[in-house]
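Quick note, the sequence shown lines up with residues 1072 to 1343 if you use my numbering. For glycine and all other residues, C-beta sits at the position ideal for the given N, C-alpha and C. Below is one structure, written out as C-alpha coordinates; comments come after it.
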Amino acid sequence: MGQIRQPAVAGQFYPLSAQDLRKQISSFSDKQEVVREAAIACMLPHAGYMYSGAVAYSVVSRIELKPVALVLGPNHTGRGRPFSIMDEGSWVTPLGSVAIHTSLAKKLLKKSSLLQSDYLAHQMEHSIEVELPLLQYFKNDFSFVPIVIGGNDFKDYEQLGLKIASSIQELHLEKDTLIVASSDMTHYEDAQAAKTKDSQAIRSILELDALGLWEKVRELDITMCGYAPAIVMITAAKALGAQKGELIKYQTSGDVTADNSSVVGYAGIIVR
(Lines of atoms letter the chains of each structure in order from A and count residues from 1; the text may use other names and numbers.)
(Lines give C-alpha, C1' and ligand atoms only; values in the text may rest on other atoms or scores of the structure.)
Protein backbone atom coordinates (compact mmCIF):
# COMPACT_ATOMS: atom_id res chain seq x y z
CA MET A 1 0.00 0.00 0.00
CA GLY A 2 2.61 2.55 1.05
CA GLN A 3 1.97 5.86 2.71
CA ILE A 4 -0.65 8.37 1.71
CA ARG A 5 0.93 11.81 1.64
CA GLN A 6 -1.50 14.55 2.56
CA PRO A 7 -1.00 18.05 1.07
CA ALA A 8 1.39 20.25 3.06
CA VAL A 9 0.80 23.62 1.35
CA ALA A 10 -2.83 23.52 0.11
CA GLY A 11 -4.48 26.71 1.29
CA GLN A 12 -1.09 28.52 1.16
CA PHE A 13 0.55 28.02 -2.23
CA TYR A 14 -2.74 27.19 -3.95
CA PRO A 15 -6.43 27.03 -2.96
CA LEU A 16 -7.73 24.35 -0.60
CA SER A 17 -11.01 23.69 -2.38
CA ALA A 18 -11.09 21.84 -5.70
CA GLN A 19 -13.49 24.40 -7.17
CA ASP A 20 -11.30 27.40 -6.24
CA LEU A 21 -8.19 25.57 -7.42
CA ARG A 22 -9.66 24.78 -10.84
CA LYS A 23 -10.85 28.36 -11.13
CA GLN A 24 -7.41 29.77 -10.35
CA ILE A 25 -5.64 27.43 -12.77
CA SER A 26 -8.11 28.24 -15.55
CA SER A 27 -7.49 31.96 -14.95
CA PHE A 28 -3.92 31.48 -16.22
CA SER A 29 -5.15 30.66 -19.72
CA ASP A 30 -4.73 33.42 -22.29
CA LYS A 31 -7.57 31.73 -24.25
CA GLN A 32 -5.32 31.22 -27.25
CA GLU A 33 -5.60 27.86 -28.99
CA VAL A 34 -2.35 25.97 -28.32
CA VAL A 35 -1.18 22.87 -30.10
CA ARG A 36 0.06 20.27 -27.64
CA GLU A 37 3.43 18.84 -28.53
CA ALA A 38 5.40 15.81 -27.47
CA ALA A 39 8.11 16.51 -24.91
CA ILE A 40 10.68 14.44 -23.07
CA ALA A 41 10.99 16.80 -20.11
CA CYS A 42 10.21 20.25 -18.78
CA MET A 43 11.11 22.68 -16.01
CA LEU A 44 8.37 24.33 -13.95
CA PRO A 45 8.52 26.88 -11.11
CA HIS A 46 7.05 26.01 -7.71
CA ALA A 47 6.10 29.23 -5.92
CA GLY A 48 2.61 30.20 -4.84
CA TYR A 49 0.32 30.04 -7.85
CA MET A 50 -0.37 33.78 -7.74
CA TYR A 51 3.32 34.36 -8.46
CA SER A 52 4.40 31.50 -10.71
CA GLY A 53 1.23 29.69 -11.77
CA ALA A 54 1.00 31.47 -15.12
CA VAL A 55 4.55 30.39 -16.01
CA ALA A 56 3.91 26.75 -15.08
CA TYR A 57 0.55 26.80 -16.89
CA SER A 58 2.14 28.12 -20.08
CA VAL A 59 4.33 24.99 -20.19
CA VAL A 60 1.89 22.30 -19.04
CA SER A 61 -0.83 23.53 -21.41
CA ARG A 62 1.51 23.02 -24.40
CA ILE A 63 2.66 19.49 -23.60
CA GLU A 64 1.03 16.19 -24.47
CA LEU A 65 0.94 14.85 -20.94
CA LYS A 66 1.91 11.22 -20.48
CA PRO A 67 0.72 8.38 -18.22
CA VAL A 68 3.82 8.73 -16.00
CA ALA A 69 5.44 11.86 -14.56
CA LEU A 70 8.83 11.68 -12.86
CA VAL A 71 9.04 14.83 -10.74
CA LEU A 72 12.39 16.06 -9.37
CA GLY A 73 12.37 18.71 -6.68
CA PRO A 74 14.93 20.39 -4.42
CA ASN A 75 14.89 19.88 -0.65
CA HIS A 76 13.85 23.12 1.08
CA THR A 77 13.16 21.55 4.49
CA GLY A 78 16.50 19.84 5.14
CA ARG A 79 14.62 16.72 6.27
CA GLY A 80 15.36 13.19 5.15
CA ARG A 81 18.07 11.67 2.98
CA PRO A 82 19.98 13.61 0.29
CA PHE A 83 18.37 11.61 -2.55
CA SER A 84 14.90 10.60 -1.41
CA ILE A 85 12.31 8.67 -3.40
CA MET A 86 8.86 7.42 -2.43
CA ASP A 87 8.42 4.03 -4.08
CA GLU A 88 4.84 3.22 -3.12
CA GLY A 89 1.68 4.89 -1.92
CA SER A 90 -0.04 8.01 -3.21
CA TRP A 91 -0.20 11.78 -2.85
CA VAL A 92 -3.44 13.62 -2.19
CA THR A 93 -4.28 17.07 -3.58
CA PRO A 94 -7.62 18.92 -3.62
CA LEU A 95 -8.11 17.51 -7.14
CA GLY A 96 -7.80 13.89 -5.99
CA SER A 97 -5.09 11.36 -5.38
CA VAL A 98 -2.11 10.47 -7.59
CA ALA A 99 -0.61 6.99 -7.23
CA ILE A 100 3.11 6.41 -7.22
CA HIS A 101 4.38 4.36 -10.19
CA THR A 102 5.84 1.62 -8.04
CA SER A 103 7.62 -0.43 -10.71
CA LEU A 104 9.59 2.56 -12.02
CA ALA A 105 10.36 3.78 -8.50
CA LYS A 106 11.58 0.36 -7.39
CA LYS A 107 13.65 -0.04 -10.56
CA LEU A 108 15.32 3.30 -9.78
CA LEU A 109 16.00 2.25 -6.19
CA LYS A 110 17.67 -0.91 -7.45
CA LYS A 111 19.75 0.83 -10.13
CA SER A 112 20.90 3.93 -8.26
CA SER A 113 22.96 3.58 -5.11
CA LEU A 114 22.25 7.26 -4.36
CA LEU A 115 18.48 6.89 -3.97
CA GLN A 116 16.86 5.84 -0.72
CA SER A 117 13.22 5.26 0.05
CA ASP A 118 12.39 8.07 2.47
CA TYR A 119 9.01 9.58 3.35
CA LEU A 120 10.42 12.24 5.67
CA ALA A 121 12.04 14.31 2.89
CA HIS A 122 8.69 14.45 1.08
CA GLN A 123 6.31 15.02 3.96
CA MET A 124 6.54 18.83 4.20
CA GLU A 125 8.36 19.61 0.93
CA HIS A 126 6.37 21.86 -1.45
CA SER A 127 8.51 21.72 -4.60
CA ILE A 128 6.90 18.54 -5.97
CA GLU A 129 3.46 19.01 -4.43
CA VAL A 130 2.66 22.28 -6.21
CA GLU A 131 3.24 20.71 -9.65
CA LEU A 132 0.67 17.95 -9.16
CA PRO A 133 -2.59 19.98 -9.37
CA LEU A 134 -1.35 21.63 -12.57
CA LEU A 135 -0.74 18.20 -14.11
CA GLN A 136 -4.07 16.89 -12.73
CA TYR A 137 -5.95 19.85 -14.22
CA PHE A 138 -4.93 18.73 -17.72
CA LYS A 139 -4.75 14.95 -17.18
CA ASN A 140 -6.87 13.26 -14.57
CA ASP A 141 -5.27 9.84 -14.78
CA PHE A 142 -1.52 9.47 -14.37
CA SER A 143 0.94 8.01 -11.90
CA PHE A 144 4.21 9.57 -10.82
CA VAL A 145 7.55 9.13 -9.11
CA PRO A 146 8.63 11.85 -6.63
CA ILE A 147 12.37 12.39 -6.02
CA VAL A 148 13.69 15.08 -3.66
CA ILE A 149 17.32 15.99 -4.32
CA GLY A 150 19.88 17.38 -1.90
CA GLY A 151 23.61 16.74 -1.90
CA ASN A 152 26.12 18.98 -3.61
CA ASP A 153 28.05 16.97 -6.16
CA PHE A 154 27.75 17.35 -9.94
CA LYS A 155 28.88 13.76 -10.53
CA ASP A 156 26.05 12.48 -8.31
CA TYR A 157 23.48 14.51 -10.25
CA GLU A 158 24.86 13.26 -13.55
CA GLN A 159 24.88 9.66 -12.35
CA LEU A 160 21.28 9.90 -11.15
CA GLY A 161 20.19 11.39 -14.48
CA LEU A 162 21.76 8.50 -16.39
CA LYS A 163 20.16 5.92 -14.06
CA ILE A 164 16.76 7.56 -14.56
CA ALA A 165 17.16 7.32 -18.34
CA SER A 166 18.28 3.69 -18.28
CA SER A 167 15.47 2.71 -15.85
CA ILE A 168 12.89 4.30 -18.15
CA GLN A 169 14.44 2.49 -21.13
CA GLU A 170 14.57 -0.90 -19.41
CA LEU A 171 10.86 -0.67 -18.54
CA HIS A 172 10.07 0.55 -22.11
CA LEU A 173 8.50 3.71 -20.70
CA GLU A 174 10.25 6.20 -23.01
CA LYS A 175 7.01 7.22 -24.74
CA ASP A 176 5.04 7.17 -21.49
CA THR A 177 7.19 9.27 -19.16
CA LEU A 178 7.54 13.03 -18.77
CA ILE A 179 10.46 14.18 -16.60
CA VAL A 180 9.65 17.35 -14.64
CA ALA A 181 12.31 19.46 -12.89
CA SER A 182 10.85 21.79 -10.27
CA SER A 183 12.82 25.00 -9.75
CA ASP A 184 12.52 28.71 -9.17
CA MET A 185 15.29 30.99 -10.40
CA THR A 186 17.13 33.87 -8.67
CA HIS A 187 15.82 34.79 -5.20
CA TYR A 188 15.58 38.25 -3.62
CA GLU A 189 17.61 40.45 -5.92
CA ASP A 190 16.36 43.40 -7.92
CA ALA A 191 14.52 42.49 -11.11
CA GLN A 192 17.27 43.57 -13.50
CA ALA A 193 19.99 41.64 -11.66
CA ALA A 194 17.73 38.59 -11.46
CA LYS A 195 16.96 38.66 -15.19
CA THR A 196 20.64 39.08 -16.08
CA LYS A 197 21.72 36.10 -13.97
CA ASP A 198 18.75 33.94 -14.88
CA SER A 199 19.30 34.46 -18.61
CA GLN A 200 22.74 32.83 -18.25
CA ALA A 201 21.35 29.80 -16.40
CA ILE A 202 18.45 29.51 -18.85
CA ARG A 203 20.82 29.54 -21.82
CA SER A 204 22.66 26.51 -20.39
CA ILE A 205 19.37 24.68 -19.85
CA LEU A 206 18.17 25.43 -23.40
CA GLU A 207 21.47 24.09 -24.74
CA LEU A 208 21.06 21.02 -22.48
CA ASP A 209 24.45 21.85 -21.02
CA ALA A 210 24.31 20.34 -17.52
CA LEU A 211 27.92 21.14 -16.64
CA GLY A 212 27.50 24.67 -18.00
CA LEU A 213 24.50 25.18 -15.69
CA TRP A 214 26.46 23.88 -12.70
CA GLU A 215 29.36 26.22 -13.51
CA LYS A 216 27.16 29.28 -14.15
CA VAL A 217 25.26 28.81 -10.86
CA ARG A 218 28.58 28.75 -9.02
CA GLU A 219 30.40 31.44 -10.97
CA LEU A 220 27.55 33.99 -10.84
CA ASP A 221 26.21 32.91 -7.42
CA ILE A 222 22.74 32.25 -8.89
CA THR A 223 20.27 31.41 -6.12
CA MET A 224 18.33 28.93 -8.26
CA CYS A 225 16.91 26.49 -5.71
CA GLY A 226 16.36 23.63 -8.15
CA TYR A 227 19.58 23.67 -10.15
CA ALA A 228 20.21 20.06 -9.03
CA PRO A 229 16.84 18.77 -10.32
CA ALA A 230 17.50 20.73 -13.54
CA ILE A 231 20.92 19.08 -13.98
CA VAL A 232 19.43 15.61 -13.36
CA MET A 233 16.58 16.36 -15.80
CA ILE A 234 18.94 17.62 -18.54
CA THR A 235 21.20 14.56 -18.17
CA ALA A 236 18.29 12.10 -18.30
CA ALA A 237 16.55 13.89 -21.17
CA LYS A 238 19.72 13.94 -23.29
CA ALA A 239 20.26 10.24 -22.68
CA LEU A 240 16.68 9.71 -23.87
CA GLY A 241 17.36 11.61 -27.11
CA ALA A 242 16.46 15.22 -26.30
CA GLN A 243 17.98 17.78 -28.67
CA LYS A 244 17.13 21.18 -27.21
CA GLY A 245 15.11 23.21 -24.78
CA GLU A 246 12.67 26.05 -25.45
CA LEU A 247 11.89 28.88 -23.05
CA ILE A 248 8.11 29.28 -23.00
CA LYS A 249 7.78 32.02 -20.39
CA TYR A 250 9.94 33.95 -17.93
CA GLN A 251 8.73 36.42 -15.37
CA THR A 252 9.51 37.57 -11.85
CA SER A 253 7.38 38.09 -8.77
CA GLY A 254 7.74 41.80 -9.55
CA ASP A 255 5.50 41.30 -12.59
CA VAL A 256 2.73 40.39 -10.14
CA THR A 257 3.48 42.60 -7.13
CA ALA A 258 4.93 45.60 -9.01
CA ASP A 259 7.79 45.59 -6.48
CA ASN A 260 10.98 45.12 -8.52
CA SER A 261 13.42 45.85 -5.72
CA SER A 262 13.53 42.23 -4.48
CA VAL A 263 12.10 39.53 -6.70
CA VAL A 264 12.11 35.81 -7.41
CA GLY A 265 12.51 34.65 -11.01
CA TYR A 266 10.42 31.94 -12.67
CA ALA A 267 11.19 30.12 -15.92
CA GLY A 268 9.04 27.63 -17.81
CA ILE A 269 10.98 25.42 -20.23
CA ILE A 270 10.08 22.51 -22.52
CA VAL A 271 12.75 19.96 -23.50
CA ARG A 272 12.23 17.95 -26.68
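**Message:** Looking at the strands, I want to know which residues DSSP matches up with Y1321.
**Reply:** A1338
**Same chain only: Cβ atoms within 6 Å of I1305, ignoring 5 sequence neighbours per side** = L1279, A1281
**Request:** Determine which residues share a DSSP beta bridge with G1154 and list them.
**Result:** Sequence check: residue 1154 is Phe here, not Gly. In DSSP, F1154 forms a bridge with I1220.
**Prompt:** Enumerated in chain order, which unbroken segments of the beta strand (DSSP E) with a length of 3 residues or greater are wholly contained in the region 1122-1147?
**Reply:** 1139-1145
**Request:** Note down the Cα distance separating V1342 from E1200, rounded to an integer number of angstroms.
**Result:** 21 Å
**Nearest-angstrom Cα separation, counted from S1123 out to V1251** = 16 Å
**Item:** Range of the contiguous alpha helix (DSSP H) that encloses H1193
**Value:** 1191-1194
**Those runs of the beta strand (DSSP E) which lie wholly inside the region 1196-1259 and span at least 3 residues** = 1214-1220, 1248-1253
**Message:** Does the contact criterion of 3 or more C-beta pairs under 8 Å hold for the region 1222-1241 versus the region 1116-1135?
**Reply:** no
**Request:** Could you tell me the distance, in whole angstroms, from the CA atom of Y1259 to the CA atom of I1220?
**Result:** 22 Å
**Item:** For Q1263, three-class secondary structure by DSSP
**Value:** helix
**Item:** Rounded separation between E1245 and A1329 - CA only
**Value:** 42 Å
**Limits of the beta strand (DSSP E) - the one that M1114 falls within** = 1112-1115
**Asked** For the alpha helix (DSSP H) that G1283 lies in, which residues bound it at each end?
**Response** 1281-1290
**Prompt:** Among H1197, P1217, A1262, Q1103, which one has its Cα closest to the Cα of G1119?
**Reply:** H1197
**Asked** Can you name the start and end residues of the alpha helix (DSSP H) that R1076 belongs to?
**Response** That residue, R1076, is in no alpha helix (DSSP H); its beta strand (DSSP E) goes 1074-1076.
**Request:** Could you spell out the range, first to last residue, of the alpha helix (DSSP H) harbouring T1294?
**Result:** Note, T1294: premise wrong, no alpha helix (DSSP H); not H, not E.
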